[in-house]
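Protein chains in written order, with our numbering: chain A, 1 to 201; chain B, 1 to 201.
The beta-carbon is built from N, C-alpha and C at its ideal position, and this holds for glycine as well.
Before any comments, here is the structure.
2 protein chains.
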Amino acid sequence: MAPMAKPKATPEGRARNEEVYRTAAQLMVQKGYGGTSMGDLAKAVGMTKAGLYHHISSKQDMLFQILQHALDGLQRMVIEPAKRLKDPEERLRETIRLNVLGIIDQGPKFTLLFPERHHLNQAQQEVVAKRIQHYRTFVRDALREMANQGKLRDLDINIAQGHILQTIVGIARWYTEGTVDDEAHLVEQTVDYHMSAILKR
Amino acid sequence: MAPMAKPKATPEGRARNEEVYRTAAQLMVQKGYGGTSMGDLAKAVGMTKAGLYHHISSKQDMLFQILQHALDGLQRMVIEPAKRLKDPEERLRETIRLNVLGIIDQGPKFTLLFPERHHLNQAQQEVVAKRIQHYRTFVRDALREMANQGKLRDLDINIAQGHILQTIVGIARWYTEGTVDDEAHLVEQTVDYHMSAILKR
């Protein structure tokens, strides 16, 4: 394999980084963060340990870069397209749809790695927590706007937001376990499930 | 601390086991299965390594015993009481209610340890998978009976079952993160959320 690209490099470099992050994430999910060594990571991505250390300073740094990469994808593939929709119900539907699709297409392994974030240092944890909070707020804002339009039944918006995002995370696990056979059906059922849960009858 | 009790021992022994499992689970969730050693486990539960090896044969065995213990609790505190209810809607409501309460009261750490089950040996994994499948079937049966009564909107029962159980698992994480302040409110909102999601309008 070619060496990892520096951040903000060429499209080829970004594709190479994507491949490295995906392989490293898969290994960390499989063996657990604590059970994965820099040697394991180097071997999996086809580099020497010295070569890997040229690009990342530690296993912790690798975890941080992977999570940042996953959150960049969330921003680019879910939040940015969805936020162009003015109508909050349409925006929420599109957010759920794109997030489920993104997990299926781009990497359930990234999603499953988020519970390992407590292994990051304090500053890194704060960066990740802030970005997750940003997404939670994005979903909550859509719910609040729908409530203001009188569209929602009487419910706790914070809890609804938590349930919505939790089922999406859950799909990453099913997908890894090979129990998703019809992606479009799963997306549609998931959007409908939450809309039925929240909309006023 | 007193030594661990043999299985099926006195009530005091069971309470001691519960305490050991809880402490060990907490450590494994915090450090990850791969990052936890038998020495760490022995220290956390206040035993020598030799003393701990007297009761469990390996770290893998400890993980298996903890998960079995958690599944025993699920059977005793959720499935057994709920299955006495003939009406499927009442049974499903009670299942969700008891499962959320059980996670809050008895151990979010146990729930968060289930993703580590791929570290078990094949035979152990099959035992755990079978018991989880039993619970999934229990929830799905209630949904199917409700569908037969004409109570459900047109939905995929397997996906609904997945979403329901996934939000309950999610609550284990919120609780650990200290974001649950009103348990009764959370239980009520969670039951209502799913009932609104599935019942025919």
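Alpha carbon to alpha carbon, how far is residue i from residue j?
i	j	result
residue 145 of chain B	residue 200 of chain B	14 Å
residue 173 of chain B	residue 186 of chain A	24 Å
residue 55 of chain A	residue 120 of chain A	18 Å
residue 52 of chain A	residue 43 of chain A	10 Å
residue 216 of chain A	residue 113 of chain A	Any question about residue 216 of chain A goes unanswered here, given that chain A covers just 1 to 201.
residue 93 of chain A	residue 195 of chain A	8 Å
residue 136 of chain A	residue 28 of chain A	25 Å
residue 100 of chain A	residue 30 of chain A	22 Å
residue 12 of chain B	residue 69 of chain B	16 Å
residue 16 of chain A	residue 65 of chain A	14 Å
residue 105 of chain B	residue 76 of chain B	14 Å
residue 90 of chain B	residue 84 of chain A	42 Å
residue 41 of chain A	residue 26 of chain A	10 Å
residue 35 of chain B	residue 35 of chain A	6 Å
residue 163 of chain A	residue 47 of chain B	40 Å
residue 153 of chain A	residue 188 of chain B	14 Å
residue 22 of chain B	residue 184 of chain B	24 Å
residue 37 of chain A	residue 108 of chain B	28 Å
residue 58 of chain B	residue 67 of chain B	14 Å
residue 126 of chain A	residue 10 of chain B	46 Å
residue 274 of chain B	residue 45 of chain B	Lying before the first or after the last residue shown, residue 274 of chain B is absent from chain B, which here runs from 1 to 201.
residue 2 of chain A	residue 147 of chain A	Caution applies to residue 2 of chain A, whose pLDDT of 48 falls short of 50 and renders its modelled position unreliable; the model cannot decide the point.
residue 171 of chain A	residue 140 of chain A	20 Å
residue 122 of chain B	residue 39 of chain B	25 Å
residue 181 of chain B	residue 49 of chain A	46 Å
residue 86 of chain A	residue 14 of chain B	57 Å
residue 18 of chain A	residue 124 of chain A	20 Å
residue 149 of chain A	residue 150 of chain B	31 Å
Using alpha carbons as the reference points, say which of the options lies closest to residue i.
i	options	result
residue 132 of chain B	B/89, B/187, B/36 and B/79	B/79
residue 72 of chain A	A/110, A/32 and A/39	A/110
residue 160 of chain B	A/190, A/160, A/183 and A/184	A/190
residue 129 of chain A	A/45, A/24 and A/115	A/115
residue 175 of chain A	A/103, A/81, A/123 and A/46	A/103
residue 198 of chain B	B/157, B/37 and B/181	B/157
residue 61 of chain B	B/171, B/140, B/118 and B/155	B/118
residue 88 of chain B	B/35, B/142 and B/23	B/142
residue 134 of chain A	A/22, A/50, A/74 and A/49	A/74
residue 192 of chain A	B/183, B/180, B/192 and B/155	B/155
residue 82 of chain A	A/123, A/138, A/57 and A/59	A/138
residue 32 of chain B	B/18, B/63 and B/50	B/63
Indicate the three-state DSSP secondary structure (helix, strand or coil) for residue i in the structure shown.
i	result
residue 85 of chain A	coil
residue 155 of chain A	coil
residue 120 of chain B	coil
residue 11 of chain A	helix
residue 3 of chain A	The pLDDT assigned to residue 3 of chain A is 49, lower than 50, so where the model puts this residue is not dependable; a value taken from the coordinates is nonetheless given after this. Looking at residue 3 of chain A - three-state DSSP - the assignment turns out to be coil, as it is neither helix nor strand.
Counting beta carbon pairs with one atom in the region 159 to 173 of chain B and one in the region 82 to 100 of chain B, are three or more of them shorter than 8 Å?
yes
Which full runs of the alpha helix (DSSP H) of 4+ residues lie inside the region 31 to 91 of chain B, going along the chain?
38 to 44, 49 to 55, 59 to 74 and 80 to 83
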